[in-house]
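A.B. asks:
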Amino acid sequence: DSGVTQTPKHLITATGQRVTLRCSPRSGDLSVYWYQQSLDQGLQFLIQYYNGEERAKGNILERFSAQQFPDLHSELNLSSLELGDSALYFCASSVGQEQYFGPGTRLTVT
Amino acid sequence: GENVEQHPSTLSVQEGDSAVIKCTYSDSASNYFPWYKQELGKRPQLIIDIRSNVGEKKDQRIAVTLNKTAKHFSLHITETQPEDSAVYFCAASPRTGNTPLVFGKGTRLSVIA
Chain A
1 DSGVTQTPKH LITATGQRVT LRCSPRSGDL SVYWYQQSLD QGLQFLIQYY NGEERAKGNI
61 LERFSAQQFP DLHSELNLSS LELGDSALYF CASSVGQEQY FGPGTRLTVT
Chain B
1001 GENVEQHPST LSVQEGDSAV IKCTYSDSAS NYFPWYKQEL GKRPQLIIDI RSNVGEKKDQ
1061 RIAVTLNKTA KHFSLHITET QPEDSAVYFC AASPRTGNTP LVFGKGTRLS VIA
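What follows is the structure, encoded as structure tokens:
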């Protein structure tokens, strides 16, 4: 157990819908990263927050957004969902360079 | 930006043999190189890492080597066991502190009993 939690574990929704994924970092970690992993694909960096502020942006679609709250948990919002958005979404947290991943949320868009 | 290439994409070894996975990176400013193991449907798990001021690091049956001049680093697993079967990802961090990792595309390792 890495200490990073994510909810829900699984999410099945229809095209065009909007979902919210939640991540709680390890105690004391200020950074939260979101990654997308499609079937048999690597880990694509989406976005990073550090102590409530956006720190870095990767290959994140305009339909996706995220935020980090004062208690340091983070939410990733995915809207106007398409079939191609089906993937595992991981968050990770860090206090330095070592990143620890949560268990992921498996999103299936039908 | 940083680009990480990983080879091979798949690797099969007999139980007890060694496995080597290689990665190259493009940004000479990168200074942190972790390796993650991901079992099917599970989270990537940090198994070993190396920083640019070190050439080699070992932890029991796994070791990582770094060649800064050539900008490549490798994961070595000795005496492989069936439970080593997984996808392994290398990554590089372009700067110090809290920065995103750039991952290789992964190597699927199969250890045949």
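Chains as they are written, first to last, in the working numbering: chain A, 1 to 110; chain B, 1001 to 1113.
Ideal placement from N, C-alpha and C gives every residue a C-beta, glycine not left out.
1) Look at residue 91 of chain A and residue 19 of chain A and say whether their C-beta atoms are less than 8 Å apart.
2) Runs of 3 residues minimum, wholly inside the region 1050-1086 of chain B: which ones carry the beta strand (DSSP E) assignment?
3) Measuring straight from C-alpha to C-alpha, what distance separates residue 55 of chain A and residue 102 of chain A?
4) Given 7 Å as the limit, tell me if residue 1029 of chain B has its C-beta closer than that to any heavy atom belonging to the ligand NAP.
5) Candidates A:61, A:88, A:93: which alpha carbon is nearest residue 27 of chain A's?
6) If you scan the region 4-44 of chain A from start to end, which runs of the beta strand (DSSP E) of 3 or more residues do you find wholly inside it?
7) Can you pull out the residues from the region 1044-1074 of chain B whose beta carbon lies closer than 9 Å to at least one beta carbon of chain A?
8) Mind checking whether residue 13 of chain A and residue 82 of chain A have CB atoms under 8 Å apart?
9) Look up residue 1022 of chain B in the DSSP assignment and give the residues it is bridged to.
10) What residues are listed by DSSP as bridge partners for residue 1012 of chain B?
C.D. replies: If we stick to the structure as given:
1) Contact flag unset, no.
2) Within the region 1050-1086 of chain B, the complete beta strand (DSSP E) runs of at least 3 residues fall at 1056-1059, 1062-1067, 1072-1077.
3) Straight-line Cα distance between these residues: approximately 20 Å.
4) The ligand NAP is not part of the structure shown, which contains no ligands of any sort.
5) The shortest Cα separation from residue 27 of chain A among A:61, A:88, A:93 belongs to A:93.
6) Runs of the beta strand (DSSP E) inside the region 4-44 of chain A: 5-7, 10-13, 19-24, 31-37.
7) Cβ contacts with chain A: 1044, 1045, 1046, 1049, 1051.
8) Residue 13 of chain A places its beta carbon 8 Å or farther from that of residue 82 of chain A.
9) Per DSSP, B:1007, B:1074.
10) Paired residue(s): B:1110.
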